[in-house]
Every structure is written in C-alpha cells, then in structure tokens.
Amino acid sequence: MSDVRSHLKSLERSRRSLTRPDRPREFTLLGRRWDLLGEVFAPLYSPSTRIGAEFLGLTGTAPHRPPASLLEIGCGAGVIAVQAALAGWGRVVATDINERAVENTRLNAERHQVTDRVTALHSDLFSALDPGARFDRIFWSSNYVMAPPDYTYRTVHEQAYVDPGYRTHGRYLAEVLHRLTDDGVALLHFSDRGDLGALCQIAAGCGRELRTLRTRTVHEGPDPVEHMLLEIHPARERGARTGAGLDLVHA
6 MSDVRSHLKS LERSRRSLTR PDRPREFTLL GRRWDLLGEV FAPLYSPSTR IGAEFLGLTG
66 TAPHRPPASL LEIGCGAGVI AVQAALAGWG RVVATDINER AVENTRLNAE RHQVTDRVTA
126 LHSDLFSALD PGARFDRIFW SSNYVMAPPD YTYRTVHEQA YVDPGYRTHG RYLAEVLHRL
186 TDDGVALLHF SDRGDLGALC QIAAGCGREL RTLRTRTVHE GPDPVEHMLL EIHPARERGA
246 RTGAGLDLVH A
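To convert a position in the sequence shown, counted from 1, into our numbering, add 5.
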C-alpha cells in the first residue's frame, strides 16, 4: 500500500487535526465564517470539504434551479449543508454519526440564518430518517481510507478519516438508492487515498454500478491526490451500458 493510502497516516492526520494547539473555534471557507467545535472534522486542514462543495456547484453562482432536496451524509461542521441552503435548495437534511458534528451543523445553520431549511440529525447513515424520507440528491464525502476490518476506533473523530473493511461504504452503496426520489441522484465523493478497486468489488456485490462524474487532483502535502465524484446506479447488463457520456468505473 502506498503512503497516500496508509490508514496509519490518516489516523495520524486525525490526531494532529484534533490536538494541534492552534486549532481555531472559527474558520473561513468559501468566503464565509464558520464555527468549529472540538471532536469535529476541521475543513481548514483538508481540501475535501472545498472540493465536495465544488463538485456540488456550491462555490460560485448558484444553479438556476437547484434540486428541491439534499441529504448530506457525514455533515461535519455543516459547511456543505449550509452552502446548499444558501444556494436555494429548499430542504436540506444533514446527518452525522458524531453528535458534536450535528451540534456544529446546527450552530452554523443558525449563524447563517438557514435553520428553516437545514435539519441536522444524529444518524448512522440513514438510521434516523423517517422510513418514507426521499431526496433529490444524496451526497457523502466519505471516510475513504480503508482500515483493517478489525480496527477499533479510538475516538469519534477517527470515523471521519478511515472505514474498517469498508463496512460503512458497503452499507451506503446497498441502501442509498432506496432513499431517492424517482429522478434522484446518489453521489459519493471518493479519492485515491481510498481503494477504488475494493469499492467497485463491493458495489458489484450489492448490484451497483459506479460512474465518474468529475475529478480533481490536488496536492495534499507532497502527495498528488485525485478526488472524484461518483454516481451510484443499479447495475445493468454489460451490453446495455451506455455510460451516458460518463466514464464507467470498474474493478
């Protein structure tokens, strides 16, 4: 495994982000000020939040007709959820397994006066949602570094960085399509810090197909890291796959 995919390196990144003495209580991103609580993923130490916002079109001019609803999995400090509400999305539900992240998202929704459109829930993926809840877009900027299947988290903060055995990725791929509206789109922000081959094998195993919508390569320290926005579809017979102008991702 290359260093960029090392779960030990990612766990060290988690530790440094959580304990560094200059970790602020507020930060600036995308032209706005944001609150940051302890134990919450800090977007100022990683490009992933900014790139995720770019992938969703939330960094510049708002789309003419944004989709009606967004479900964000793993909302962290709430930057993407709040940006979506400010861009005109009518209903935004933001979930996180970290209770402090849920509190942080609520604080930032209050700060930017979008509490009427942003609902933050403590949830393990979809567990806290109403059974009938459906969304036009579902987005997860995942903890894409794979840790060994038997790894046990030492802090809740580590859950934003690594996924033991890709168990959470497997559940997301299996369950996400059931939470879409008829025309809804399921998205996954992944990177080559993760194991794309393993992800595709998991997708195939639960009857899913992954397509690359966008990519962006950035330097994270000395390492070039490719970030990618993947769309999740039901798997189809190979002869029926057209790709609709998108690259097909396969193991």
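For each residue, glycine too, the CB sits at the ideal point set by N, CA and C. Owing to the predicted nature of the structure, the values given are computational and were not obtained by experimental measurement.
230 is the residue among 90, 65, 230 and 52 whose C-alpha sits nearest the C-alpha of residue 200.
In this structure, the beta-carbon distance from residue 47 to residue 71 does not fall below 8 Å.
Nearest in C-alpha terms to residue 142, of all of 160, 103 and 95, is 95.
DSSP lists 232 as the bridge partner or partners of residue 196. With fewer than three CB-CB distances shorter than 8 Å, the region 164-180 does not count as touching the region 117-126. Three or more beta-carbon pairs drawn from the region 142-158 and the region 199-216 are found closer than 8 Å, and the two stretches are therefore classed as touching. With contact defined as three or more Cβ pairs closer than 8 Å, the region 171-188 and the region 103-119 are not in contact.
Counting the other Cβ atoms within 10 Å of the Cβ of residue 53 gives 16 or more, which makes it buried.
Listed in chain order, the non-local C-beta contacts of residue 211 below 8 Å within the same chain comprise 175, 178 and 179, local neighbours out to five positions each way being set aside. According to DSSP, residue pairing for residue 145 in a beta bridge involves 78 and 193. Counting only runs of 3+ residues, the beta strand (DSSP E) found wholly inside the region 93-144 occupies 96-101 and 123-127, in chain order. In the DSSP assignment, residue 221 falls outside any alpha helix (DSSP H) and lies within the beta strand (DSSP E) extending over 213-225. Listed in chain order, the beta strand (DSSP E) elements of length 3 or more contained wholly in the region 11-80 are 31-34, 37-40 and 74-78. Ranked by how close their Cα comes to the Cα of residue 158, the residues 10, 20 and 9 have 20 in first place. When the alpha-carbon of residue 127 is set against those of 76, 236, 186 and 32, the nearest one is in 76.
With fewer than 16 other CB atoms across the displayed protein chains lying within 10 angstroms of its CB, residue 13 is exposed. Under the DSSP definition of a beta bridge, residue 182 lacks any partner.
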